[in-house]
Amino acid sequence: MTTLADLQDEYSFLDQDDRYRLLIDLGKTLEPMPDPLKTDATLVRGCSASVWVYPMRRDDGTLHFLADSNAAITKGIIALVLLTVQDQPATAINETDITAALAPFDLKNQLSSNRTQGIPNMIALIRETAERYAGA
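Here the sequence shown stands for residues 1055 to 1190, where the numbers follow this note's numbering.
Following this line, the structure appears as structure tokens:
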């Protein structure tokens, strides 16, 4: 799996069209999310596209997220967000500043507001999940 730092290096050298393609390609790397998990309960509110995030706690205590979207670029944004937290313990996720980790990608200036409006909600859902599992 590509690291966030590797992806950031590549992203910084690309023009806007190639950045879109990179995000679309990144979205294709997401683990498939079974359709039965795409429910109202896993739907992220406030996204212009449909976005579903399903958290799972692994036996080793790490959190693993399945996610999907019906929009290719949004799916890439989800994959980018998950690169910051995937398969980490809940306490580590709570300590991660996801917004700061994504700042070098300058998504608000690279993408339309419709494409980025749901990012805070995705981050909030991940944080709430981590807080719930850290307290368990």
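A virtual CB, placed ideally from N, CA and C, is assigned to each residue, including glycine.
Under the DSSP assignment, L1117 falls in the beta strand (DSSP E) whose first and last residues are T1116 to S1123.
For the set R1186, A1121 and R1112, the Cα lying nearest the Cα of P1090 is the one of A1121.
Inclusion of F1159 and L1134 in the CB contact set at 8 angstroms is warranted, their separation being smaller than that value.
Taking the C-beta atoms as reference points, Y1065 is found nearer than 8 angstroms to R1073. Cβ contact annotation for I1173 (same chain, cutoff 8 angstroms, sequence separation greater than five): I1131, V1135, L1156 and L1161, in chain order. For V1105, the enclosing beta strand (DSSP E) stretches over residues V1105 to R1111. Residues A1144, I1147 and N1148 of the same chain have their beta carbon placed closer than 6 angstroms to that of A1184, with the five preceding and five following residues left out of the count. Each residue's CA atom was taken as its position, placing G1081 and G1189 some 31 angstroms apart. Residue state for L1077 is assigned as helix, using DSSP reduced to three classes. Per DSSP, the beta-bridge partners of Q1142 are L1117. Q1142 and R1112 have their C-alpha atoms some 10 angstroms from each other.
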